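Numbering (the numbering used here), first residue to last: 147 to 618.
One structure below.
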């Protein structure tokens with residue numbers, strides 16, 4: 147018998163159950179839903195948080211941390227992918243998605259929060275033990291210890307190409323946007339490094355929660371009585387909630403008299419409603435009304451003038467959301483389920499028409515950060531025929547002398563000016579009218595006549611609006 151075999155063995159190391167951390171488990175579940183089901187975090191996270199609060203697992207600080215972990219990880223996914231790729235010995239596509247989600251959550255805690263290094267690593271390893279098993283937890287531990295060797299700026303210097311060598315790829319890594327999105331946004335801004343850096347940085351900021359007081363149903367004065375509420379910057383109906391403000395706690399929101407609506411969305415509706423019009427002003431149309439924010443504001447404004455709104459939405463479940471948003475409107479309105487490219491109404495039926503068309507959503511990356519990774523350049527080709535068809539329907543639907551508002555929550559030129567130019571080229575009986583005077587308080591609206599809003603300049607989503615008068 148060898149000397150080694152004669153040595154007494156110590157007691158076996160007892161198995162330790164992994165420590166369940168409700169905050170990080172919830173954040174992981176939200177990321178898996180985004181990845182597996184193509185869900186949006188702003189739709190997935192609230193019910194998860196409500197369930198956790200109802201079970202007594204969460205307080206306000208826990209909810210804030212879970213929200214930061216989910217949104218921070220999604221916003222910085224491109225940067226963290228580049229960092230993690232430098233710390234593993236295989237292509238990222240060969241790392242199982244659940245493992246990559248745990249690594250990304252860990253990377254965000256290490257590089258994007260003030261959580262101490264040892265706490266970020268140990269909490270991530272414990273999460274891995276719970277959701278992945280001990281074997282994969284060891285891999286997570288090894289990778290995150292490498293990530294922890296540098297801070298965010300140190301990693302960027304290592305993984306991002308120099309700006310002078312490849313400006314777009316440099317900005318893509320530094321600001322965590324796909325390269326094609328960086329290129330498209332840069333084109334829309336018209337060049338210059340400072341502007342694109344400010345825009346990309348703004349996309350990674352947490353957006354404020356903005357409420358709209360629906361005219362005739364609520365006032366901004368009522369909403370401003372809420373704790374830490376402030377007036378909106380541009381819309382007379384807007385009120386901003388301080389960080390952490392919960393819209394569901396506001397009585398007027400619960401009752402549908404107010405709603406959550408970005409100020410850019412409010413401004414689009416207001417500009418259309420206030421555009422100068424000759425002749426009657428009795429019938430308004432929202433031709434792509436879901437989920438109902440603009441329709442609710444338009445319906446309230448119409449009611450104040452004795453006009454009516456027809457809100458049309460193709461998808462039945464979204465039409466239901468529109469009906470819910472308009473319920474209780476002080477004046478008459480109608481909600482229908484209809485395809486805007488094959489409308490059931492007669493041509494020339496309306497005095498004002500809003501057509502807020504489906505798009506890539508690149509103007510709302512602050513609110514839906516996962517959209518930047520989900521969209522592809524080829525999506526533009528699939529939206530293009532629909533956008534042009536809906537604008538043609540809008541022009542057919544408005545009477546001579548009436549106004550059409552073409553709007554989209556994307557600044558991509560292929561979804562904005564290119565659509566308007568292509569359609570109006572075939573419609574000599576139309577003219578673009580200058581939308582800028584209808585937004586008199588806003589700076590930096592460009593040369594017109596259309597308007598492009600920007601997160602870094604206006605604090606809104608990047609909404610686009612062209613106002614068109616039918617002249618014949």
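Glycine residues also receive a C-beta, built at the ideal position from the N, C-alpha and C atoms.
It should be emphasised that the depicted structure is a prediction, and the values quoted were computed from it without experimental measurement.
Cβ-Cβ distance between residue i and residue j below 8 Å
i: residue 526; j: residue 517; result: no
i: residue 468; j: residue 404; result: no
i: residue 550; j: residue 560; result: no
i: residue 124; j: residue 247; result: There is simply no residue 124 to check, as the chain begins at 147 and stops at 618 in what is shown.
i: residue 614; j: residue 554; result: no
i: residue 360; j: residue 256; result: no
i: residue 441; j: residue 471; result: yes
i: residue 565; j: residue 534; result: yes
i: residue 439; j: residue 411; result: yes
i: residue 601; j: residue 220; result: no
i: residue 216; j: residue 244; result: no
i: residue 616; j: residue 544; result: yes
i: residue 378; j: residue 371; result: no
i: residue 552; j: residue 501; result: yes
i: residue 595; j: residue 607; result: no
i: residue 226; j: residue 185; result: no
i: residue 329; j: residue 314; result: yes
i: residue 413; j: residue 381; result: yes
Three-state secondary structure assigned by DSSP to residue i
i: residue 148; result: With a pLDDT of 43 at residue 148, under the threshold of 50, the modelled position of this residue cannot be trusted; read the value that follows with caution. The answer is coil: DSSP assigns residue 148 none of H, G, I, E or B.
i: residue 322; result: coil
i: residue 576; result: strand
i: residue 177; result: helix
i: residue 384; result: strand
i: residue 616; result: strand
i: residue 193; result: helix
i: residue 117; result: Outside the displayed range of the chain (147 to 618) lies residue 117, so it cannot be described from this structure.
i: residue 635; result: The first residue shown for the chain is 147 and the last is 618, placing residue 635 beyond what the model contains.
i: residue 285; result: helix
i: residue 171; result: helix
i: residue 371; result: coil
i: residue 259; result: coil
i: residue 213; result: helix
i: residue 684; result: Any question about residue 684 goes unanswered here, given that the chain covers just 147 to 618.
i: residue 153; result: In this prediction, residue 153 has a pLDDT of 44, which is less than 50 and means its spatial position is unreliable; nothing more can be read from the coordinates.
i: residue 203; result: coil
i: residue 448; result: helix
i: residue 265; result: helix
i: residue 247; result: helix
i: residue 185; result: coil
i: residue 602; result: helix
i: residue 438; result: coil
Identified DSSP bridge partners for residue i
i: residue 597; result: 611
i: residue 376; result: 386
Closer than 8 Å to chain C by CB, residue i
i: residue 535; result: Absent from the structure is chain C; it holds one protein chain and no more.
Item to check | Uninterrupted alpha helix (DSSP H) stretches inside the segment 216-244 (no shorter than 4 residues) | outcome: 223-231, all fully within the segment 216-244.
Item to check | Continuous beta strand (DSSP E) assignments of at least 3 residues falling wholly in the segment 450-489 | outcome: Segments of the beta strand (DSSP E) lying fully in the segment 450-489: 454-459, 479-483.
Checklist entry - Of all the beta strand (DSSP E) runs that stay within the bounds of the segment 290-368, which reach a length of 3 or more residues? => result Whole beta strand (DSSP E) segments, 3+ residues: 355-359.
Next on the checklist: Please give the ranges of any beta strand (DSSP E) in the segment 537-585, keeping only runs that are unbroken, at least 3 residues long and fully inside the region.
Outcome noted: Within the segment 537-585, the complete beta strand (DSSP E) segments of 3 residues or longer fall at 544-554, 576-579, listed in chain order.
Checklist entry - Taking three-plus beta-carbon pairs below 8 Å as touching, is the segment 485-498 in contact with the segment 576-589? => result Touching, no.
Item to check | alpha helix (DSSP H) segments (min. 4 residues) lying fully within the segment 386-436 | outcome: List check, alpha helix (DSSP H) in window: 397-400, 409-420.
Checklist entry - Below 8 Å, can you find three or more Cβ-Cβ pairs linking the segment 521-539 to the segment 365-378? => result Too few Cβ pairs lie closer than 8 Å, so no.
Checklist entry - Can you give, in chain order, each stretch of the beta strand (DSSP E) that sits fully within the segment 486-526 and has at least 3 residues? => result Complete beta strand (DSSP E) runs here, min 3: 496-502.
Checklist entry - Looking at C-beta atoms only, is the number of pairs between the segment 319-329 and the segment 433-452 that lie closer than 8 Å three or more? => result Judged by Cβ distances under 8 Å, the segment 319-329 makes no contact with the segment 433-452, as fewer than three pairs qualify.
Checklist entry - Can we say the segment 208-222 touches the segment 191-200, given the rule of at least three CB pairs closer than 8 Å? => result Touching, per the Cβ criterion.
Checklist entry - So, do the segment 411-430 and the segment 387-402 have three or more beta carbon pairs nearer to each other than 8 Å? => result Two segments are said to touch when three or more pairs of C-beta atoms, one from each, lie closer than 8 Å; by this definition the segment 411-430 does not touch the segment 387-402.
Checklist entry - Is the segment 293-301 in contact with the segment 268-284, if contact means three or more CB pairs nearer than 8 Å? => result Two segments are said to touch when three or more pairs of C-beta atoms, one from each, lie closer than 8 Å; by this definition the segment 293-301 does not touch the segment 268-284.
Item to check | Three or more C-beta pairs below 8 Å linking the segment 231-238 and the segment 182-197 | outcome: Judged by pairs of C-beta atoms under 8 Å, the segment 231-238 does not touch the segment 182-197, as fewer than three such pairs exist.
Item to check | Given 8 Å, three or more beta-carbon pairs between the segment 440-453 and the segment 335-355 | outcome: Segments in contact, no.
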